[in-house]
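For reference, the structure is listed below as structure tokens.
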Amino acid sequence: MNGVILNTIEIIKKKREKEKLSVDEIKFLINNYAKGKIPDYQFSAFLMATYLNGMSVVETATLTEAMLHSGTIIELDSISGAKVDKHSTGGVGDKTSLILAPIVATAGVNVPMISGRGLGHTGGTLDKLESIPGFRTDVSLTQYKSIIKKCGMVLASQTKNIVPADKLMYALRDVTATVESIPLITGSIMSKKLAEGIDGLVLDIKTGSGAFMKELKDAKILAKSLINTAKAFDKNVIGIITDMNQPLGNNIGNWLEVVESVEALQGKEIPDLMTVTHKLAGAMIYLGGKASSINEGVEISEEIIKSGKAYDKFLEVVKLQKGDVSIIKNLSKYPKSKYTEEIIASKTGYLKEVDNYEIGMSALQLGAGRLTKEDIIEPKAGIIFNPKIGDKIKKGEIIATIFTDRKKEINSVITRIEKALKYSNKKVTKHKLIKTILR
Ligand code: URA
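Start counting the sequence shown at 176; every next residue gets the next number (the numbering used here).
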């Protein structure tokens, strides 16, 4: 143990002094942390040194590889057909995975998805799914394969056997202010995706006030880091940079996002959410060889929603992963939050700007996310946020509704959300949702 501690300190010191780490040093840190031989307090220092001083391309690739090899690399050769996944760099109200995975599986492309939990101010697919009573994301390798064989998709978590290093690092980054780091995001996303046994990957790189990369130029650097890593491992990849300057859709918070996803699967028109979802699904269908272009993939995706088949597929996967299908069929049966409060517009004007980080943090404060590793999520907590940038809001209109069991947070959250919005007397241009497609 002494040797481990000594070496760990030397490696942290090197990163602190902006020196490059060797392959052996990175592997040593990741392997020992994944095995529980390096304590959280020391690994936190390494994460912060990396956050502050970054990593070279080679160090990032080594980090990804070490994280990937902390567990099993899944082999899906026994499953026929293409295997394609999507991963987002994280946002507020970003629930596209819940909608697009059933669409793409219906189109005949397997989706072996391994996701993450809420990170920083953003929500996580696993927390959303686990708000469905009974739903299990911690499936064994055998179950993982058998669920894909049965319905063409699975929605799973990292486990003790599958990218355990990411499972541990992810939870630690979440509470040590070390999330917004290009090498750490790259290692986290790509280790999960490379462990899945996929042929192709679509990356949704978010930019704006609710993303980890606030500026487009930084989102492009992150996109390059992710795409280069995917290519180094021989994966077909498409990166799509999308807007995160306001919540995607209207619902923020775990169960609320399941509700909005189910409504979208049932064909409800939610323009911004479905524009992004169809684009990502279209790219996946294209990478999976079921369309000759992304645009054709988008058309297929739209048809599948209209047919109701994606909704049926979602019910199928909920059942296979032990979730309560009856509550999905009857959403109003879900328990209600103790407190519901409306936020009313105090003036008339065009919505010009949303500090989307503050909206995400407000949802966390209401109980939708974690501030420490031990925090327990309140699945019902969250916000329904009505307006979009460019909308005209009239005095007295409901801007948002908040749901929580935490009475003492209500007033400060209302003030927080009000402060996060800026208005203009003049008309405001709507935001472009899809910024760039990178190949
Ligand atoms: N999604 C992940 O899986 N990891 C990150 O670091 C950010 C988004």
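Glycine is no exception: its CB is placed at the ideal position from the N, C-alpha and C atoms.
Residue j beta carbon less than 7 Å from that of residue i
| i | j | result |
| --- | --- | --- |
| K465 | V286 | no |
| L301 | T312 | yes |
| I289 | K367 | yes |
| G414 | I380 | yes |
| V529 | L596 | yes |
| K548 | A346 | yes |
| S400 | I357 | yes |
| I427 | I558 | yes |
| I373 | G498 | no |
| S436 | L273 | yes |
| K270 | S231 | no |
| I592 | I518 | yes |
| I205 | A394 | no |
| K526 | P562 | Residue identity check: residue 526 is Leu in the sequence provided, not Lys. Taking 7 Å as the Cβ cut-off, L526 and P562 qualify as a contacting pair. |
| K303 | E432 | yes |
| V500 | L608 | no |
| N411 | L462 | yes |
| L369 | L243 | yes |
| I187 | E200 | no |
| N600 | G524 | yes |
| I502 | K511 | no |
| L448 | H262 | no |
Closer than 6 Å: residue i CB and nearest the ligand URA heavy atom
| i | result |
| --- | --- |
| S599 | no |
| S363 | yes |
| I360 | yes |
| G265 | yes |
| G291 | yes |
Residue closest to residue i, alpha-carbon to alpha-carbon, out of the options
| i | options | result |
| --- | --- | --- |
| G327 | L526, V493, I502 and G571 | V493 |
| A276 | L440, S599 and K504 | L440 |
| I318 | R348, S272, I249 and A340 | The sequence shown places Gln at residue 318, rather than the Ile named in the question. It is I249. |
| T297 | T264, A280, F310 and A282 | T264 |
| M344 | L608, E371, I213 and T271 | I213 |
| L330 | P339, N336 and K320 | K320 |
| K522 | L347, G246 and Y598 | Y598 |
| G457 | K602, N429, S197 and I612 | I612 |
| G229 | L546, T353, P446 and I475 | T353 |
| G375 | L541, A394, K342 and V279 | V279 |
| A282 | K395, Y208 and V473 | V473 |
| Y514 | R348, I274, V377 and K555 | K555 |
| D260 | G565, I323 and I205 | I323 |
| V314 | I416, G256 and T334 | T334 |
| K392 | E553, T247, E593 and I416 | I416 |
| A543 | I577, I564, K567 and I518 | I577 |
| G266 | T183, R292, K605 and E572 | R292 |
| S332 | G309, E355, E305 and R348 | E305 |
| G535 | G299, H262 and T183 | G299 |
| E533 | K508, D550 and V588 | V588 |
| G268 | K601, N531, K342 and K258 | N531 |
| K594 | I574, K605 and V603 | I574 |
| D566 | H606, T247 and T183 | H606 |
| A407 | T604, S197, T235 and K258 | T235 |
| N586 | I552, I568, E516 and Y509 | E516 |
| V198 | F560, N182 and V233 | V233 |
Bridge partners - residue i, DSSP secondary structure assignment
| i | result |
| --- | --- |
| M459 | DSSP output for M459 lists no bridge partner at all. |
| F578 | T515 and G557 |
| V529 | L596 |
| H262 | L378 |
| T417 | K381 and I609 |
| G362 | According to DSSP, G362 bridges with nothing at all. |
| T297 | L294 |
| I289 | A331 |
| I573 | I519 |
| M388 | T382 |
| E309 | Per the sequence shown, the amino acid found at residue 309 is Gly instead of Glu. DSSP output for G309 lists no bridge partner at all. |
| N426 | I559 |
| K567 | Y525 |
| V267 | Bridge partners of V267: none, in fact. |
| N411 | G375 |
Check: residue i C-beta below 6 Å from any heavy atom of the ligand ATP
| i | result |
| --- | --- |
| G463 | Although the ligand ATP was asked about, the structure shown includes only the ligand URA as ligands. |
Looking at C-beta atoms only, is the number of pairs between the segment 385–392 and the segment 416–430 that lie closer than 8 Å three or more? yes
Say whether the segment 576–587 touches the segment 432–446, bearing in mind that this needs 3 or more beta-carbon pairs closer than 8 Å, one atom from each stretch. no
At least three beta-carbon pairs within less than 8 Å, the segment 210–224 to the segment 179–195: With the rule of 3 Cβ pairs closer than 8 Å, the segment 210–224 counts as touching the segment 179–195.
Could you check whether the segment 356–367 touches the segment 227–243, counting it as contact only if at least three pairs of C-beta atoms, one from each stretch, sit closer than 8 Å? yes
Do the segment 531–543 and the segment 474–489 make contact, defined as three or more Cβ pairs closer than 8 Å? no
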